[in-house]
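Sequence lines, in order, name chains L, U and V. Residue numbers for the first sequence follow the numbering used here, so the first one is 8 and each next one is one higher. Residue numbers for the second sequence follow the numbering used here, so the first one is 58 and each next one is one higher. Residue numbers for the third sequence follow the numbering used here, so the first one is 981 and each next one is one higher. Glycine included, every Cβ here is placed at the ideal spot set by N, Cα and C. Keep in mind the model is a prediction, meaning the values are calculated, not measured. For reference, the structure is listed below as structure tokens.
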Amino acid sequence: MHKMKKRGQTEISVEIIIQLFLLLIVIASFIGVSFIIKGNKLHLVRVEARDYAFAFDAASSYQDSINYIYQPKENITINFNQENCLVQAKHKDVASTINFFCGTDKFSNIQVINNQGKIKITR
Amino acid sequence: MYNKKADYGLPIYITPSIVLFIIILLIFGFLFFSAGLINSPNLIIKSQAYQDSNKLLTILSSQVNLSNNFISIAELINLAQQDSNYQSKLDTELNNLISKLPIPSRKEDLTQVNLLTLSSAQSSLQKANWNLDIEIEGQTNHLGETITLGTKYFLQSAVIPISDNRTAKITLYLDCFSCSKEGLDAIA
Amino acid sequence: MNKKGDINIVEYLVYIIFIIIAASFIAWVAFGYLNEKIDTTNLESFILAKKIVNSDSCLAFKDDLSIHKGVIDLQKVDTSRLLNCFSKPNFGYLIKIDNLKGETIKSASNLDLRQQLDFPICKTIPQYTCLSKKDIILYKDDQGIKTGYIEVGVINFVQ
């Protein structure tokens, strides 16, 4: 029997609610995933470790005097062991440390000074 | 409307919807996984962006034998400006050197692929040549063959002093059509 | 007969299956992106090649006047020099100096035994990234400075 709608009333069927809910699941999965990608701190740490290692390699190839200051990205600290050329990068919100090696040069006369987070590379 | 026996009661648009859904999944699946749209294109700097003029500097510093004296190409450029008799020697030496510059290998040389794939078709179309221009007071001497629809890679230039307080601007670049990334990486 | 207002379970089951496929697809693309390998071997090889050719610690020719960047001193081309001037764990390389005719004049490497064995078949081993580069350089021998090529072959263990 066809139900008469009174003027001013709207009828929201259960069907529409369920369909909207299912659509919401898809949208939520998309938004949730984009948040995971944006906040990928481990990726930033991996990039930072390599960035410093390559900067050090490039500086050590340069034969004349050099005075280069490397500023790590926000919230990332770099610990550099010049003897074995090991770069250790750590983000303050991430537990794990990322290691990356630069090229060890036994003849190098480069000095590296860590000054309040900034790293100064000089010859 | 009566549902016939064994009918699931699905709406009439269900079949085209399923087909559309599968097509969309296939298209995006291809875009993300096969065509590599998923890969961030600028994650690592491309070889073409390594701004380095070493090839040109090596050429300019290369020694040539001139009447049992060895001089550099840069000095020969200066000599050719003063005395046009040296111009043909300069052109010969420069053409020889730029023909010896490494060019991108074709994919079949790199991987010995014999299947007809997009990349093997691209590499079979590859044409690459190094080009060198010497510009002095607005006049340009061009060496090397340009390629139709080619793209310029590894553009490098140097300015050298020549006689009478003038300078010569020398530009070197690779003109290439359909060069593969691996081929360019190998000569960067 | 479906009465108006009744929920068709089968219809919603079909919808839910589609939703699960779509959501899984989105998640799969995202995790594929997150787990994308960052392989910097090409950049590392470039840095290695520049260091070898321009640095006095490596192969650059040095006389009383200066260090001649871009000119390789053939006398410096040996394994112990390479081991001391640029070494990195899991990163092995071999260097060949050729004349303009393509004939090898001198070569050296810092490959360990494992890398020496794996280098020729490197492309078949997924844990390695291998590549080779060739560039034009100058080299100094007994007769003076000549133009030639440097070929750098790299084997990098990237897992």
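### Task
Decide if the stretch 132 to 149 of chain U is in contact with the stretch 209 to 223 of chain U; the criterion is three or more beta carbon pairs, one per stretch, under 8 angstroms apart.
yes
### Cβ-based neighbour list, N1034/V, same chain, cut-off 6 angstroms, excluding 5 preceding and 5 following
A1040 and K1049
### Task
Could you tell me how far apart the beta carbons of F114/L and S1060/V are, in whole angstroms, since I believe they sit closer than 8 angstroms?
So it is not a contact: roughly 12 angstroms between Cβ atoms.
### Query
Roughly how many angstroms separate the alpha carbons of K1081/V and A185/U, rounded to a whole number?
20 angstroms
### Message
Between N1064/V, N1079/V and Y1119/V, which has its C-alpha nearest D1091/V's C-alpha?
### Response
The question names Asp, but residue 1091/V is Leu in the sequence shown. The shortest C-alpha separation from L1091/V is found at N1064/V.
### Query
Which of the three DSSP states, helix, strand or coil, is assigned to C1065/V?
helix
### Query
Which same chain residues, not among the five before or five after N152/U, have their C-beta less than 8 angstroms away from its C-beta?
L200 and G201
### Query
Hey, how far is the Cα of S1025/V from the Cα of Y1073/V?
9 angstroms
### Task
Can you pull the chain L residues whose beta carbon is under 8 angstroms from the beta carbon of F1041/V, in chain order?
Here the premise fails: no neighbours, minimum Cβ distance about 12 angstroms.
### Query
Is C109/L closer than 8 angstroms to F37/L when the C-beta atoms are compared?
no
### Query
Does DSSP put E239/U in a helix, a strand or coil?
helix
### Query
Which chain V residues are close to S68/L, counting only those with a beta carbon under 7 angstroms from its beta carbon?
K1030, K1031, N1034 and S1035
### Query
Who pairs with Y1119/V in a beta bridge, going by DSSP?
I1052/V and K1126/V
### Message
So for E1083/V, helix, strand or coil by DSSP?
### Response
coil
### Task
Confirm the yes/no value for this check: CB of I191/U, any heavy atom of the ligand FMN, distance under 7 angstroms.
Ligands displayed in this structure: none; no statement on the ligand FMN is therefore possible.
### Task
Please report how far the alpha carbon of W1008/V lies from the alpha carbon of L77/U, in whole angstroms.
20 angstroms
### Query
Can you give the beta carbon distance from L1118/V to T115/U, rounded, assuming they're within the 8 angstroms contact cut?
6 angstroms
### Task
Could you please tell me which residues of the stretch 1086 to 1110 of chain V, in chain order, have their CB closer than 9 angstroms to any CB of chain U?
K1103
### Task
Look at the Cβ atom of S235/U, then the Cβ atom of Q144/U, and state whether they are nearer than 8 angstroms.
no
### Query
Is there at least one Cβ from chain L nearer than 8 angstroms to N1022/V's Cβ?
no
#### Entry: Span separating the alpha-carbon of T1109/V from that of V1132/V
14 angstroms
### Task
Grab the span of the beta strand (DSSP E) containing L29/U for me, first residue to last.
Beyond the ends of chain U as shown, which are 58 and 245, falls residue 29/U; an answer cannot be given.
### Query
How do the stretch 55 to 69 of chain L and the stretch 90 to 99 of chain L stand: do at least 3 beta-carbon pairs fall below 8 angstroms, yes or no?
yes
### Task
Compute the beta-carbon to beta-carbon distance between I999/V and V33/L, rounded to the nearest angstrom, for a pair I have assumed lies under 8 angstroms.
6 angstroms
### Task
Leaving aside the five residues before and after I1032/V along the sequence, list all residues of the same chain whose C-beta is less than 6 angstroms from its C-beta, in chain order.
C1038 and L1039
### Query
Can the beta-carbon of V40/L be found closer than 8 angstroms to that of I1006/V?
yes
#### Entry: Extent of the continuous beta strand (DSSP E) to which N122/U belongs
Q120 to L123
### Task
Could you work out which residues of chain L lie near L1080/V, taking near to mean beta carbons separated by less than 9 angstroms?
The premise fails here: L1080/V is roughly 25 angstroms from chain L at the closest Cβ pair, so nothing lies under 9 angstroms.
### Query
Can you give the Cα-Cα distance for N74/L and W187/U, rounded to whole angstroms?
36 angstroms
### Query
Anyone know if the C-beta pair for K1114/V and I244/U falls short of 8 angstroms?
yes
### Query
If the cut is a Cβ gap below 9 angstroms, which residues of chain V does A65/L touch?
I1027, K1030 and K1031
### Query
Taking C-alpha atoms, which residue in A131/U, D148/U and S156/U lies nearest to A225/U?
A131/U
### Query
Quick one: what does DSSP say D252/U is sitting in, helix, strand or coil?
Chain U is shown only over 58 to 245; residue 252/U falls outside these bounds and no answer can be derived.
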